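Take a look at the structure below.
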Amino acid sequence: DNSTGSSGNTGAGGGAAGGGQLFWGEFFELDNLPSVSQISLHLFREEDSKKKRHSRDESNLHPLGSVEIPLSDIRGRTYQEKWYLITLHKTSAGNKEQLSPQASLRIKARFQNLKVLPMEKYKEFAEYVTVDYVEMCPNLEPLLNVKEKEELARALVHVLQSIGKAKEFLFDLGRAEVKRLEEKEALIFRENTLATKAIDEYMKLVGQRYLIDTLGDFIKRLYNSAENCEVDPRKCPPAELSSNQQHLRETCQEVVQKIVEIQGLFPEELNKIFSSWMEMCEDQGKAEIGQRLISASLFLRFLCPAILSPSLFGLIQPYPETNTLRTLTLTAKVIQNLANFTQFGEKEEYMLFMNDFLQQHWDGMRGFLQTVSNEDSEIPMTSFDGYVDLPLRLAVLHGLLVDIIHKKDQETIDKLHPLPSILNEITKSLGPEVPRIIINSQTESSKPEFVPPKDVKKQPMFPKVHRDRNMMKGKPLARTQSAPHRPHSHIKPPLRRQTSSEALPMPEHQADVELNQPVITPPKTSVSPPAPVPWIVNPNREPGEMKIESEQLSLLDRHAQELSELRLGIEQVTERELDMAKRLEDFIIQIQDQNAMLQGEVTELQNQLAVRDEQLASATFRLGVIEEEREEDERKLNIALAAAERMNVLEEQFASMVRDLQQLNENSNSCQKKSQNSEQPHVNSN
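Using full-length UniProt numbering, read the sequence shown as starting at 1 and increasing by one per residue.
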């Protein structure tokens, strides 16, 4: 009835301790693993880097080493990330070592072993998720960190897709997002909400074929191209700026053409969701918000991230080189601005030349958004034809919710009623090692048991009391073993304990008599008297017989006393066993409480670490922006300093010219005076 599914997720990146670091990323997901205790990762180097990276020619690969990962080290829902030393591959004498002995590999991995129950065990849980997800999601969202939101959204999307309710689920999330943001529609699907993570996962689930048909060839061509699209004057020579701008225009033109002309089959599920959103917003008089909903979900959450990181979306495996990564980044910026119908501003001055391109393609983008959101559109479409293992996905969702909820306080758990009770019903079938959610007794008793609609009238008012009575009635009648029936002729006398001083062999004709059997005096005939009964004194007996009877009576007394002592000892042992069992149970409960407390502390530390990682990433991003602004300010400052220096030079030249002019004026005046003196008549007196 039960099945077990094992899965492992591994992300690998590389580096060499003490030397230059090599960076790349690869993701592996292994489902339905056999019973193994470790997993091996083998590291290869490409002999000819000019060959296509996605080529599977094994002759092009040179083995470098391997890493062994014990699955016991990465067991659990949380990813474990650390450095692993690489075991170097043995090379021939003529070959040089490709890696240093201290080379290591950074691996982030986890191993989960899920016990999947029969589908009927999940019936009530599936019904609750299907009917009450609108109420469940807002209640759970404040309790989740970003990673838990991603995992919960993924699990819900897969479960509801299998049930056939995923489109309604996404429609309701979009409606709630519009209602929550109201006048802040620019933030739609831009925050780390459950709705944002759900639309991310659903796009990947139903839109993978459309994504490959639309962008697959473009990404492969770009990876094999040597064109440079760097248009920032600070990062490229002035002589190459014009040609790089032309390359970027051509690249963006190719992407826009592939998207707008819908060269691949568009997902029918997305068309229905988009048309529902548009109809809802038009009914509310907010058609522009409907267009923003579609643009944000399709471009902001799907197409543009796929252009920016194609390896994460299954378009290609290797990490892009520096020039290719820069081209992908600039292309994604242009396409996102085109989908948002916004131009580049002074903050990205080097991209201002693309504003003409954006304006030229706005009409085509509006037409595309209208086409994909029109339910009567005649574009070629395809439906999701993948398989979702519903029991497995329900098991994943159950484990995730239990892991999240059982660490919360009682007040929070009570607010989620009846979900904790439904989860506990499934947990009962998984064994004692699975943590259970502690539920208030009043809340637990208010949970209705599942009753088929046709049997509602037959259901008693107090089902739990009815069950207890049945159990009480059944206890006296319960028998685990029965003694075999034997004829009386085969009944053996009970074994008796005999002391070492006893030398009284019993005659064969003296049979044991039951203690409660009445004594019947036999008639005086020639027949031999019956066997004597030790507790009845016969006055006609001889003194020897009286002595024997007295010894037998004392022997029975000793046996009775020993039996009483044995019973007392058994009772004492039983009491000690019960006491030890109770102590053991208390100790187990105490250990479980301590484990839960420690697990809660570990989870809290992990949450704090995740928050710190987010803050660090945000700070790093802001630092990069500040660094760019600083470089821009430094450039402007250098220009200003150069201008000031030029001004100083001009002022010095001007002062020199003024001095020269003054000198010329003085010389001119001196010349004039000399000329005047020379023109006066000279009088000679003799």
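We put the beta carbon where it would ideally sit given N, CA and C, even for glycine. On a predicted model such as this, the values are computed, not experimentally measured, just so you know.
Round the Cβ separation of residue i and residue j to the nearest angstrom and send it over; I've been treating them as touching at under 8 Å.
| i | j | result |
| --- | --- | --- |
| residue 206 | residue 265 | Not a contact, Cβ separation roughly 11 Å. |
| residue 422 | residue 125 | 5 Å |
| residue 236 | residue 230 | 4 Å |
| residue 369 | residue 291 | 6 Å |
| residue 329 | residue 308 | 6 Å |
| residue 104 | residue 84 | 6 Å |
| residue 389 | residue 77 | Their Cβ separation, rounded to whole angstroms, is 18 Å, which puts residue 389 and residue 77 out of contact at 8 Å. |
| residue 218 | residue 256 | 11 Å between Cβ atoms; not a contact. |
| residue 37 | residue 71 | 6 Å |
| residue 115 | residue 430 | 6 Å |
| residue 121 | residue 426 | 6 Å |
With a threshold of 7 Å on Cβ separation, who are the neighbours of residue i within its own chain once the five nearest residues in sequence on each side are excluded?
| i | result |
| --- | --- |
| residue 214 | 258, 259, 263 and 264 |
| residue 216 | 315 |
| residue 274 | 294, 372 and 373 |
| residue 233 | 241 and 350 |
| residue 672 | none |
| residue 632 | none |
| residue 181 | 187 and 188 |
| residue 607 | 145 |
Please classify residue i as buried or exposed, where buried requires at least 16 other C-beta atoms within 10 Å of its C-beta.
| i | result |
| --- | --- |
| residue 648 | exposed |
| residue 277 | buried |
| residue 639 | exposed |
| residue 287 | exposed |
| residue 193 | buried |
| residue 557 | exposed |
| residue 240 | exposed |
| residue 86 | buried |
| residue 401 | buried |
| residue 289 | buried |
| residue 391 | buried |
| residue 387 | exposed |
| residue 587 | exposed |
| residue 690 | Coverage of the chain is limited to positions 1 through 686, which leaves residue 690 absent and any answer about it impossible. |
| residue 621 | exposed |
| residue 201 | buried |
| residue 567 | exposed |
| residue 244 | buried |
| residue 574 | exposed |
| residue 119 | exposed |
| residue 580 | exposed |
| residue 583 | exposed |
| residue 152 | buried |
Output needed for residue i: all residues of its chain with C-beta closer than 8 Å, excluding positions within five of it in sequence on either side, in chain order.
| i | result |
| --- | --- |
| residue 377 | 271 and 371 |
| residue 411 | none |
| residue 189 | 177, 195, 196, 199, 293, 296, 297, 300 and 301 |
| residue 596 | 406, 407 and 435 |
| residue 40 | 66, 67, 68 and 69 |
| residue 381 | 265, 266, 267, 268 and 271 |
| residue 101 | 88 |
If you drop the 5 nearest sequence neighbours on each side, which residues of the same chain put their C-beta closer than 6 Å to that of residue i?
| i | result |
| --- | --- |
| residue 267 | 206, 207 and 210 |
| residue 383 | 268 |
| residue 75 | 111 |
| residue 600 | 407 |
| residue 561 | none |
| residue 365 | 338 |
**Request:** Check whether the region 391-402 touches the region 159-168, counting contact only when three or more Cβ pairs, one atom from each stretch, lie closer than 8 Å.
**Result:** Yes, the region 391-402 is in contact with the region 159-168.
**Message:** Does the contact criterion of 3 or more C-beta pairs under 8 Å hold for the region 170-184 versus the region 405-417?
**Reply:** No: fewer than three Cβ pairs fall under 8 Å.
**Asked** If you pair each beta-carbon of the region 350-367 with each one of the region 330-340, do three or more pairs fall below 8 Å?
**Response** Yes, they touch.
**Prompt:** Contact between the region 218-228 and the region 245-259: three or more CB pairs below 8 Å?
**Reply:** The region 218-228 vs the region 245-259: in contact.
**Request:** Count the CB pairs spanning the region 134-145 and the region 413-420 that are closer than 8 Å, and state whether there are at least three.
**Result:** Taking one beta carbon from each stretch, the region 134-145 and the region 413-420 have 3 or more pairs nearer than 8 Å; the two touch.
**Prompt:** Do the region 603-617 and the region 141-152 meet, that is, are 3 or more Cβ pairs less than 8 Å apart?
**Reply:** With contact defined as three or more Cβ pairs closer than 8 Å, the region 603-617 and the region 141-152 are in contact.
**Runs of alpha helix (DSSP H) lying entirely within the region 296-377, each at least 4 residues, in chain order** = Scanning the region 296-377 from its first residue to its last, the whole alpha helix (DSSP H) runs of 4-plus residues come out as 304-308, 322-340 and 355-372.
**Message:** Give the list of continuous alpha helix (DSSP H) stretches no shorter than 4 residues that lie fully inside the region 554-631.
**Reply:** The DSSP assignment places no complete run of the alpha helix (DSSP H) inside the region 554-631 (cut-off: 4 residues).
**Request:** Kindly confirm or deny that the region 335-352 and the region 294-306 touch, where touching means at least three C-beta pairs closer than 8 Å.
**Result:** As far as the Cβ criterion goes, the region 335-352 touches the region 294-306, which means the pair count is three or higher.
**Contact the region 122-136 vs the region 102-110: 3+ CB pairs below 8 Å** = Segments in contact, no.
**Request:** Just list the alpha helix (DSSP H) runs in the region 165-239, keeping only unbroken ones of 4 residues or longer that don't cross its boundaries, in chain order.
**Result:** Unbroken alpha helix (DSSP H) runs of no fewer than 4 residues, entirely contained in the region 165-239, are found at 166-181, 194-206 and 208-223, following chain order.
**Prompt:** Along the chain, which unbroken stretches of the beta strand (DSSP E) at least 3 residues long are found entirely within the region 17-44?
**Reply:** Counting only runs of 3+ residues, the beta strand (DSSP E) found wholly inside the region 17-44 occupies 26-31, in chain order.
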